[in-house]
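Working notes, beginning with the structure itself.
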Amino acid sequence: MQVSNYWVQFLPVALVFVSFSLAIGLLAVARRIQRRERRTPLTRDLLRNPGESLREQVDDLGMDLSFYPLMLMAVPLLLGMQLLLQSRATQQPITPRILIPYAIALVGFTLFLMVQLVRTWRKRHRLRLGLECEMAVGQELNQLMLLGCRVYHDFPAEGFNIDHVVIGPAGVYAVETKGRPKPDKGGGQEEARVVYDGKRLQFPGWSETEPIAQARRQAQWLAQWLKSAVGEPVPVFPALALPGWYIDRKARDMVVFNAKNPGFLATPRGARALSDEIIQRVAHQVEQRCRTVEPVAYGKKKNKIQHR
181 MQVSNYWVQF LPVALVFVSF SLAIGLLAVA RRIQRRERRT PLTRDLLRNP GESLREQVDD
241 LGMDLSFYPL MLMAVPLLLG MQLLLQSRAT QQPITPRILI PYAIALVGFT LFLMVQLVRT
301 WRKRHRLRLG LECEMAVGQE LNQLMLLGCR VYHDFPAEGF NIDHVVIGPA GVYAVETKGR
361 PKPDKGGGQE EARVVYDGKR LQFPGWSETE PIAQARRQAQ WLAQWLKSAV GEPVPVFPAL
421 ALPGWYIDRK ARDMVVFNAK NPGFLATPRG ARALSDEIIQ RVAHQVEQRC RTVEPVAYGK
481 KKNKIQHR
């Protein structure tokens, strides 16, 4: 009887584990039944949307934001049940000596979960802004397809992603998008003005240099990769998009714009930079790396193995 009373203490944890396992198992069975003897009608992977990588991170953090509040509710219940069952199993009253370790554990778990909750919310909020800005810029750049350009988004490079790639007669543009919130102090247009002097971005109250360097690095990498993939040099220009901001450009060495009216990206600077043939070859190589989103509603067609 002593042994059975001991194991009763772990009953709350066991119940939570069993309930969680049953829920996961039920979802897996339902998914298998739904997909049984069915396959997707799509014959190839989908192209990446603007902010595809950020969307995945935002979705993952959304799951975490659901998990932490549940744990904040579950931990006090589990500790309380554990305390009551331990008292009953050992036939001892709940004294301050027994209660203090549980109280310390409860405070510790609660503080930890609350800190993680706030950190996760802040990170998701920041990524959400980046996602919305990449979507806004991507939608504006898509209009360039009416002018004969090819536009791709969230291009997977080596350890990083290029937000947008524009391919047209004017050359190739590697577009980096940065979402920055505006001050809201009633200052009107001046609060939303950023000055680019060739070295830094001067926002109201702060300045940045890394976005400029990042855009240039990405353009250099893309130029080298395209030279290897296409077999000849391809002009690649860096571009930095700051959606919603008024851009005061003191230097003209790099494209810095707010993504509105991006038609100038389709206009060659003098002589035509890329022929239709090169545009097609470059677009083919870029599309191969951007067509990576697998359909998830149903699986792909199973290849039958032929036995000889």
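All residue numbers for the sequence shown refer to our numbering, where the first residue is 181 and numbers rise by one. Each residue gets a CB set at the ideal place from its N, CA and C atoms; glycine is no exception.
(message) Check for me: the alpha helix (DSSP H) holding Thr290 runs from which residue to which?
(response) 276–322 is the span of the alpha helix (DSSP H), which, as asked, contains Thr290.
(message) So for Arg449, helix, strand or coil by DSSP?
(response) Taken through DSSP and simplified to helix, strand or coil, Arg449 comes out as coil.
(request) Count the other C-beta atoms from every protein chain shown that fall within 10 angstroms of the C-beta of Gly348, then say buried if there are 16 or more, exposed otherwise. (result) Classification for Gly348: buried.
(request) Note the first and the last residue of the continuous beta strand (DSSP E) segment covering Leu420. (result) DSSP places Leu420 inside the beta strand (DSSP E), whose first and last residues are 416–421.
(request) Using DSSP bridges, identify the partner residues of Gly351. (result) Its beta-bridge partners are Gly348.
(request) On a CA-only basis, which of Gln369, Val352, Glu388, Arg373 is nearest Arg461? Give me that one, please. (result) The candidate whose alpha carbon is nearest that of Arg461 is Val352.
(request) Measure the C-alpha to C-alpha separation of Gly328 and Glu356 and round it to an integer number of angstroms. (result) Whole-angstrom Cα-Cα distance: 21 angstroms.
(message) Please report the distance separating the alpha-carbon of Val466 from that of Ala283.
(response) Each residue's alpha carbon lies about 58 angstroms from the other.
(request) Could you spell out where the alpha helix (DSSP H) holding Gln398 opens and where it closes? (result) Counting along the chain, the alpha helix (DSSP H) containing Gln398 begins and ends at 390–410.
(request) Could you tell me how far apart the beta carbons of Ala439 and Glu320 are, in whole angstroms, since I believe they sit closer than 8 angstroms? (result) Rounded to whole angstroms, the Cβ separation of Ala439 and Glu320 is 4 angstroms, and the two are in contact under 8 angstroms.
(message) Between Pro230, Lys407, Leu422, which has its C-alpha nearest Pro415's C-alpha?
(response) The candidate whose alpha carbon is nearest that of Pro415 is Lys407.
(message) For Val331 and Leu226, I'd like the C-alpha separation in whole angstroms.
(response) Each residue's Cα considered, the two are about 14 angstroms apart.
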